[in-house]
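Numbers 6 to 972, taken from the numbering used here, label the letters of the sequence shown in order.
Where is the CB? At the ideal position from N, CA and C, for every residue including glycine.
All remarks here apply to the structure that follows.
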Amino acid sequence: MNKQTERWGSGARDASASAVRRLSVFALICLMAGAMVVVSVPPGRAAGTGQFDHIVILAMENQDYSSVFGSGTGSSTAPFLSGMLPYSSTIPNYHSYGEGISGCSAACYTAVSSGGTWGVSDGVGSGSVSQTSIFDQLSAAGLTWKGFCENGCPRGGDHYPSLQYASTYQSPNSIITSTDFTDPTDPIYSEMNSASPANYIWLTPTDSHNMHDNSVSSGDAYAQQLLVGSGTINSPAPGSVLATGLFTNSAFHTLLYIWWDEYDPSPNLQYGKMIQQGYISQAANYDEYSTLHMIEANWGLTPLAAAANDPAMSDLFGASTPLPLSTSFTFLPTSPLVNSLVTFTALPTGGVSPYTVSWIFGDGSTATGTVVTHTYTSAQSFTVTETAKDSSTSQQTATSSNPLTVLTALPLATTFTVSSNPVVNLPATFLSTTTGGTGPYTVSWNFGDGSTGSGASATHTYTTAQAFTVTETAKDSSSPQQTATSTSTITVSAVLSGNFGTCTSLPQGWSCGNTNGLGSSSVNIVGGVLETVEANPGVGNDNSYYYSTSQKGVFPWSPCQAPVSGAVPTGTTSVSSTFTPLMVPSMSSGMRYHIYIALYYWLPDGAVSASGSTYRCLDTQVRVENIGGTFSSVGSTGTYDPGDSFGWDQVTLDQVNAGQTYTLTADVANQCQQDLTAWGLNPTTPCQLAGIEIGTEGFGFQELDVNFYTVQLTTSTSSLVGSFVFSPSGPQVGQPVSFTGSASGGTPSYSYAWIFGDSSTGTGRTASHSYSSAGTYTATLTVTDAIGQTAEQVFSVAVHGLLNHPPSLSLPGPRSAIVGSTLVFAVNTSDLDLGEVVTLVAAGLPSSSAFDPATGHFSWTPSANDVGSYTVTFTVTDNGSPPMSAFGSVPISVETAASSPPSTQQPGSGSCSWCNTIPIVGARLWLFVAGGFFGFLLTAMLMYVRANRHLAEARRIRRFQQRTYQD
């Protein structure tokens, strides 16, 4: 072989060796790429408890728990939110003023978002808080958040936490362009209906919506409109929060958390698929930090500041058995006509929403949907069947059937009314109401004294005092024509006499001369009739009223004081008065007048506060109300602050005419309760009627003359009754029990005395007591009224021993170690039961490993003899009664280093590039195998291609060598 041949042969060998080296390196890269397929797969849910993947927090304000949810089963002042309780969890002993939390409102929002208050108080500046917040944590973990604040965010950072922090107050995620969350075009709906809504959504309504400046009932109505609109919990209307994809898309697990700041305890409600339905938590150690800890634990985030020392609210979560599915439906109109539209509304409850609803109308037609319409083309009876199906795994079905009769036309019917107490020589007004048949109608009258009239409304003046039989006849326009009649006997009086007596000085009343009107204004009692004349042409406004009234008793401005004995009868339950307007003002856009009965109350239990005012008196009215020539409708209400009391009024008569007689009636108990409720105060607060006022008020009209003929003060002689409730209903040893007494009947005011059944006593309408040992105790409330009558109420209180919760154990995932390297990890324990001691033990420890049960610190530097697999089992046990335990295992695998010397790395030093990857690979072994297999195939294919290429090159060289040798 010549030198040329040797060079070619040597070159082939070198090329082949180089190719092998390149292929080896390439194979390693491919295997690593395969492994990276595993580690780059994003987990479906971040590490943590993973109970939810989205949370929506609706921030409400300034209410006590009992005002909204009672003892956890609901309150009449919040019917919608109370209706959510069977589908939700709640915590009656949630402390918004938790440990170290002061400076609220603002500081409550700080605590729930960053685990501390940091000296924050109301008026916090935007971006003035530099601490790490939940918003920072979410962003760092690859999760998303958005905040929405209504109507330009008038309270700023005080009620909107993302504005407090330097890292978020200028973030585009902190949105203040929302106008009204109940508007379906508001930005919250585009976010909640998006394909990838933010994981954490915060909603701050304005103070006129969140129960801060409005009542519980008004805030409840707002929450209903926001969450379900015109629908229900189980079937929310489109354009409402619970109808968005965030709550209806089965791919999402969304928690709705309705949270109130301040008060202790404060209201709270948690709603979602992961929540235990109808669950009332007995935990007494939850506060704002517990809320933050719950959210952080869900996503595996490190608890911030004080949140690390508070328990996460874990008992709220768990599977709930759906309520049985049931359904019913309504239809309107209830007596439909041929070819007219009928609206059917399904009302499914229970099961798992959303529901699918189908209809069979009985005439061969069908439809689907919760609300549908249908038109019948023939007059007959049909059976309508509605079928509802829920969305549970084992789908439930419920049906409801009702008969429906379709009419050609409604039968003609007519009735009439006459102004009350007709008087000789004064016009009486007759008003016909006709229904059915075919309009228009013609109406005729026979007044019983030989006179007749026509028209749906007619007036007639009687000249003699006696009884008359009045007949009204109505005819329709159908063919054949239908006729209906209505007959009633009325009594005409000679002269109306009054029972106001004579003018009497206050406080005994009735008083005369109480007017500030102009000119001819006056207040007199003549023949027992209270005669009021009020004139104020062109003067006065909404802040300056004129009046002409009579009074008895004491009033908030006299000043606010307890009732004077004998002025107002004890036990008065209602006040009514009949009146006749003799002259009413002509229509004028700048005028306003009221004809009214006003009731004034003293609060015997002390002053109360609302909307920045503190008073001990109430000012209420029932009235006729005319504004600018238009009468307000019955049911119209309003609140006002006259500077000495909490004011509230309601319209109970919608229109009056001169010469007709009317009656105003005020329910004493109802006026008090409605006033308290309208101001967001406890409606069970005791009231004492202290003063009564009857007359007129207003401004800007020529003259209003009204005669009040009778006044009736109805009194009750009902027996004294006492009752009480206590919360929680199943207290534990050492847990404070709140007792609330109430009384009715007898003679106000009332005093309360308590015997708790364990030799302890108390006084006052409300009392708190803690029992020191388990057992059943007989608690007795004794109520004493103002004249010494007593009433007792007895209840049994079952006190349970402290419920011992099992401790929790937090372990790392599977661990891998290299011979000569040190493996270190920590085992963490916690216990919901404060004061309990937990003991941590380990089993299956490798012989050369070290474990400190006091700190949970594990370390091990395996030797070459330790190669293999190990399972270390950890058990934590508390010292409760009975003791409770929890356990878990950590798999450990030990391998030799391929070509590296033993590591001398000490615990806590150096770095580990793959430490975060190994647990992910271990948790997704099948993905690791698949990735490795993919890398192997890719390597084999490339090696095959390159081997073929080098084989061809080798053959070419051999052929060249042979030719050279032969030459």
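Residues bridged to residue i (per DSSP)
i: Trp653; result: Thr625, Thr644
i: Trp865; result: Leu828
i: Gly767; result: Trp759
i: Pro586; result: Val711
i: Phe636; result: Asn631
i: Glu536; result: Asn529, Asn712
i: Tyr620; result: Val613
i: Phe856; result: Phe863
i: Glu472; result: Per the sequence shown, residue 472 should be read as Ala rather than Glu. According to DSSP, which records beta bridges pairwise, Ala472 is partnered with Thr496.
i: Phe892; result: Thr880
i: Lys1; result: An answer regarding residue 1 cannot be provided, because it is not within the stretch 6 to 972 covered by the chain.
i: Tyr99; result: Paired residue(s): none; Tyr99 is not in a bridge.
i: Glu797; result: Thr787
Start and end residues, alpha helix (DSSP H) containing residue i
i: Cys113; result: 111-119
i: Asn156; result: First-last for Asn156: undefined, no H or E at that position.
i: Pro84; result: 84-89
i: Asn1058; result: The displayed coordinates of the chain run from 6 to 972. Any statement about residue 1058 would go beyond what the structure contains.
i: Asn303; result: 293-303
i: Leu337; result: First-last for Leu337: 334-337, but that is the beta strand (DSSP E), not the alpha helix (DSSP H).
i: Val544; result: Run containing Val544: none; DSSP gives neither H nor E here.
i: Asp141; result: 139-145
i: Ser821; result: It is not in any alpha helix (DSSP H) - Ser821 instead sits in the beta strand (DSSP E) that spans 820-823.
i: Gly514; result: Note, Gly514: premise wrong, no alpha helix (DSSP H); not H, not E.
i: Phe74; result: 70-74
For residue i, the first and last residue of its enclosing beta strand (DSSP E)
i: Pro192; result: Here Pro192 belongs to no beta strand (DSSP E); instead the alpha helix (DSSP H) covers 192-197.
i: Gln556; result: 551-558
i: Met65; result: 59-66
i: Ala2; result: Residue coverage of the chain in this structure runs from 6 to 972, which leaves residue 2 outside it and unanswerable.
i: Ala902; result: That residue, Ala902, is in no beta strand (DSSP E); it is neither H nor E in DSSP.
i: Ala695; result: 693-704
i: Thr253; result: Here Thr253 belongs to no beta strand (DSSP E); instead the alpha helix (DSSP H) covers 250-253.
i: Phe349; result: 346-351
Cβ-based neighbour list, residue i, same chain, cut-off 6 Å, excluding 5 preceding and 5 following
i: Asp979; result: Beyond the ends of the chain as shown, which are 6 and 972, falls residue 979; an answer cannot be given.
i: Phe560; result: Tyr605, Gly696
i: Ser420; result: This sequence places Thr at residue 420; Ser is not what is there. Thr438, Ser491, listed in sequence order.
i: Gly518; result: Val528
i: Tyr291; result: Ile96, Tyr99, Met318
i: Ser76; result: Ser732
i: Gly751; result: Leu725, Asp790, Gln794
i: Gln971; result: Residue placement at Gln971 is poorly supported in this model, since its pLDDT is 46, which falls under 50; the coordinates still yield a value, given next. Here the set comprises nothing.
i: Cys508; result: Cys517, Ile530
i: Glu664; result: Per the sequence shown, the amino acid found at residue 664 is Gly instead of Glu. Excluding residues within five positions, the ones whose Cβ falls inside 6 Å are Leu431, Pro432.
Residues near residue i by beta carbon distance below 8 Å, same chain, minus five either side
i: Ser498; result: Asn426, Pro427, Val428, Val429, Ala470
i: Ser914; result: Here Ser914 scores only 40 on pLDDT, less than 50, and its place in the model is too uncertain to base an answer on.
i: Leu328; result: Pro91, Gln282, Thr354, Gly355, Gly356
i: Asn546; result: Phe704, Gly705
i: Gly506; result: Trp515, Ile530, Gly533
i: Ser406; result: Thr388, Val389, Thr390, Glu391
Residue i Cβ short of 7 Å to the ligand ZN heavy atom set
i: Gly727; result: In the structure on display, the ligand ZN does not appear, and there are no ligands present to speak of.
Chain-order list of residues whose beta-carbon lies under 7 Å from that of residue i (same chain, five-residue window excluded)
i: Ser87; result: Phe74, Gly79, Ser80
i: Ser549; result: Phe704
i: Ile632; result: Arg597
If contact is defined by three or more beta carbon pairs under 8 Å, each pair taking one atom from either stretch, is the segment 287-306 in contact with the segment 223-235?
Fewer than three Cβ pairs drawn from the segment 223-235 and the segment 287-306 lie within less than 8 Å of each other, which leaves the two stretches out of contact.
Entirely within the segment 353-423 and at least 3 residues each: give me those beta strand (DSSP E) ranges in chain order.
Counting only runs that start and end inside the segment 353-423, the beta strand (DSSP E) elements of at least 3 residues fall at 361-365, 371-373, 376-380, 386-394, 402-410, 418-423.
If you pair each beta-carbon of the segment 693-701 with each one of the segment 599-607, do three or more pairs fall below 8 Å?
The segment 693-701 vs the segment 599-607: in contact.
On the three-pair Cβ rule with 8 Å, is the segment 329-349 touching the segment 310-317?
At 8 Å Cβ cutoff, the stretches do not touch.
Taking one C-beta from the segment 178-194 and one from the segment 149-162 each time, how about it: are there three or more such pairs within less than 8 Å?
Because the criterion of three Cβ pairs below 8 Å is met, the segment 178-194 and the segment 149-162 touch.
Assess, as a yes-or-no matter, whether the segment 777-788 is touched by the segment 727-743 under the definition of 3 or more beta carbon pairs within less than 8 Å.
Contact between the segment 727-743 and the segment 777-788 is present, because at least three Cβ pairs lie under 8 Å.
Could you tell me whether the segment 367-381 touches the segment 440-448, using the rule of 3 or more Cβ pairs below 8 Å?
The way I'd put it, the segment 367-381 doesn't touch the segment 440-448; fewer than three beta-carbon pairs between them come closer than 8 Å.
Contact between the segment 114-124 and the segment 132-149 (3+ Cβ pairs under 8 Å)
Segment contact: the segment 114-124 against the segment 132-149, three or more CB-CB distances shorter than 8 Å; contact assigned.
With three or more beta-carbon pairs closer than 8 Å as the criterion, would you say the segment 676-691 touches the segment 218-227?
These segments touch.
Tell me the start and end of each unbroken alpha helix (DSSP H) in the segment 209-234 that is at least 4 residues and wholly inside, in chain order.
Counting only runs of 4 or more, we get 221-232.
Is the number of C-beta pairs between the segment 256-268 and the segment 62-79 that are closer than 8 Å three or more?
With the cut-off at 8 Å, the segment 256-268 and the segment 62-79 touch.
Report yes or no: do three or more beta-carbon pairs, one from the segment 663-675 and one from the segment 607-620, lie closer than 8 Å?
Contact check between the segment 663-675 and the segment 607-620: fewer than three CB pairs, one atom from each, fall below 8 Å, which does not count as touching.
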